[in-house]
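Colleague: Using the numbering used here, the letters of the sequence shown correspond one by one to residues 2 to 339. Every residue, glycine too, gets a C-beta built ideally from N, C-alpha and C. Predicted model only: the values in this text are computed from it and were never measured. Pasting a structure below so you can have a look.
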Amino acid sequence: MSRYTVPLVVIAAIAAALNFGVLKVSKTVAPPPVAPPVAAPANAGESTASAVPASAEKAEAGKQEKPGEKTYKLKGIVREIDKDTGEVMVRHEEIPGFMKAMTMPFDLKGQEVLGELFVGDEIEGSLVVKPDDMLLKDVVITNPAPPAAISIGPDGKVEVKAKPVVLSPGELAPDMTVTLQDGKSAKISDYRGKTLVLTFVYTRCPVPTFCPLMDRKFGELAARLRNTPREDKVRLLSISFDPEHDTPEVLTSHAKARGAKPPLWTYSVASHEELGKFGPQLGLIYGPGEKEIMHNLCTAVIAPDGTIARLDVGKAGGEWTIDEMVATIVKTTAAKAE
Numbered sequence: 002m003s004r005y006t007v008p009l010v011v012i013a014a015i016a017a018a019l020n021f022g023v024l025k026v027s028k029t030v031a032p033p034p035v036a037p038p039v040a041a042p043a044n045a046g047e048s049t050a051s052a053v054p055a056s057a058e059k060a061e062a063g064k065q066e067k068p069g070e071k072t073y074k075l076k077g078i079v080r081e082i083d084k085d086t087g088e089v090m091v092r093h094e095e096i097p098g099f100m101k102a103m104t105m106p107f108d109l110k111g112q113e114v115l116g117e118l119f120v121g122d123e124i125e126g127s128l129v130v131k132p133d134d135m136l137l138k139d140v141v142i143t144n145p146a147p148p149a150a151i152s153i154g155p156d157g158k159v160e161v162k163a164k165p166v167v168l169s170p171g172e173l174a175p176d177m178t179v180t181l182q183d184g185k186s187a188k189i190s191d192y193r194g195k196t197l198v199l200t201f202v203y204t205r206c207p208v209p210t211f212c213p214l215m216d217r218k219f220g221e222l223a224a225r226l227r228n229t230p231r232e233d234k235v236r237l238l239s240i241s242f243d244p245e246h247d248t249p250e251v252l253t254s255h256a257k258a259r260g261a262k263p264p265l266w267t268y269s270v271a272s273h274e275e276l277g278k279f280g281p282q283l284g285l286i287y288g289p290g291e292k293e294i295m296h297n298l299c300t301a302v303i304a305p306d307g308t309i310a311r312l313d314v315g316k317a318g319g320e321w322t323i324d325e326m327v328a329t330i331v332k333t334t335a336a337k338a339e
């Protein structure tokens, strides 16, 4: 049974606009109530998240459950769903005392609600934050999504944006200009002749399993490469998508605190325009704006000839191991030597 009443003529129009071909229509039920708009964060250029403190029946916002563990109440809207991996992208509201509004993925694999979710559903849940991990549990759907989501352009016509095509290993990587932590400009193509490992971060990210995790992994990778024959054949590049805040001065301080030493490991920042052209081709989910910073995890290895050698996106973007990355680097540098 469908979740809403939708006139057949409307469904047919939407199907034609989206080029679905055939739609199956089941019995109708009453339409859902209209949800109030999600509150936008006050600060521009920061993450997308608004979590409300937990009620007295549950946990208060930031309540410490176990040593080093806190629980927050989270409210948000489902943006993407991968039911095979259990990863759900959620635009959540600000979590007072923890982080700004942000759009980010959560692992709901094994939770019953996963099979009931649709893109656009409004949800609530308990966010458990540990020193090295984070879990969203007790998720409930508070307001179901409308039956279809299409946008109307300024001319009144239906607009459907196609998903960007993500490159595959062996394809030529796109080019992009970044500003390095020393203030100088560089292009991705400038690294031709070396193996380039790049990832996307921003220095204010508070989530331990996101940007801080990438910082730690790149630090471990740099340590493995330093003082080895491959040190001069590899470059690590952390690219920030927060140009309003992550200036060269901020990046230099951040890099120093994490032991990043150019030329092996360098921090950089790109403009929204450059990221908009470059990131989607690598699978980066990125949305700059006044009300949110939206991103997933994305790490890429570009071979000396400029082609994609490895691409870890989404959940996989945070699960690659140092041994796996070193093996990829060894393969690309060996191929160049041949």
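Considering only C-alpha positions, which residue in the set 204, 121, 304 and 175 is nearest to residue 258?
Modeller: Of the candidates 204, 121, 304 and 175, the one whose C-alpha sits nearest the C-alpha of residue 258 is 204.
Colleague: Excluding the 5 residues flanking residue 324 on each side, which residues of the same chain have their C-beta closer than 6 Å to its C-beta?
Modeller: Closer than 6 Å at the Cβ level, and outside the excluded window around residue 324, lies no residue.
Colleague: Look at the alpha carbon of residue 95 and the alpha carbon of residue 233, and state the distance between them as a whole number of angstroms.
Modeller: Using only the alpha carbons, I get a separation of about 43 Å.
Colleague: Please classify residue 106 as buried or exposed, where buried requires at least 16 other C-beta atoms within 10 Å of its C-beta.
Modeller: Buried, because 16 or more other Cβ atoms sit within 10 Å of the Cβ of residue 106.
Colleague: When you compare the CB positions of residue 76 and residue 125, do they come within less than 8 Å of one another, or not?
Modeller: Cβ distance < 8 Å, so residue 76 and residue 125 count as in contact.
Colleague: Please state the DSSP three-state secondary structure of residue 210.
Modeller: Three-state result, residue 210: coil.
Colleague: Note the first and the last residue of the continuous beta strand (DSSP E) segment covering residue 93.
Modeller: Per DSSP, residue 93 belongs to the beta strand (DSSP E) from 88-93.
Colleague: Does the beta-carbon distance from residue 181 to residue 283 come in below 8 Å?
Modeller: No. Outside cutoff.
Colleague: Going by beta carbon distance, what residues of the same chain come within less than 6 Å of residue 302, once the five residues before and after it are set aside?
Modeller: Hits under 6 Å: 198, 310, 311 and 329.
Colleague: Taking three-plus beta-carbon pairs below 8 Å as touching, is the region 247-254 in contact with the region 177-191?
Modeller: Touching, yes.
Colleague: Okay, do the region 69-88 and the region 258-268 touch, 3+ Cβ pairs below 8 Å being the bar?
Modeller: The region 69-88 is not in contact with the region 258-268.
Colleague: Which complete alpha helix (DSSP H) runs does the region 232-317 hold, if anything under 4 residues is left out?
Modeller: Taking only runs of at least 4 residues, the alpha helix (DSSP H) segments lying wholly in the region 232-317 are 249-258 and 273-279.
Colleague: On the DSSP letters alone, give me the boundaries of the beta strand (DSSP E) that residue 167 sits inside.
Modeller: Per DSSP, residue 167 belongs to no beta strand (DSSP E) and is neither H nor E.
Colleague: Check whether the region 120-140 touches the region 271-278, counting contact only when three or more Cβ pairs, one atom from each stretch, lie closer than 8 Å.
Modeller: The region 120-140, when compared against the region 271-278, does not touch it at the 8 Å Cβ threshold.
Colleague: Which whole-angstrom value describes the C-beta separation of residue 308 and residue 223, a residue pair presumed to lie in contact below a C-beta threshold of 8 Å?
Modeller: Not a contact, Cβ separation roughly 23 Å.
Colleague: Distance check for residue 277 and residue 242, CA to CA, integer angstroms please.
Modeller: Those two C-alpha atoms are separated by around 10 Å.
Colleague: Residue 195: buried (16+ other C-beta within 10 angstroms of its C-beta) or exposed?
Modeller: It is buried - the Cβ of residue 195 has at least 16 other Cβ atoms within 10 Å.
Colleague: Grab the span of the beta strand (DSSP E) containing residue 126 for me, first residue to last.
Modeller: First-last of the beta strand (DSSP E) with residue 126: 123-131.
Colleague: Expressed to the nearest angstrom, what Euclidean distance is found between the alpha-carbon atoms of residue 60 and residue 129?
Modeller: With a pLDDT of only 40 at residue 60, under 50, the local geometry of the prediction cannot be trusted, and no value is derived from it.
Colleague: Are residue 89 and residue 78 closer than 8 Å when you measure CB to CB?
Modeller: No, Cβ-Cβ distance for residue 89 and residue 78 is not below 8 Å.
Colleague: When you compare only the Cα positions, how much space is there between residue 145 and residue 240?
Modeller: Distance between the alpha carbons of residue 145 and residue 240 is about 36 Å.
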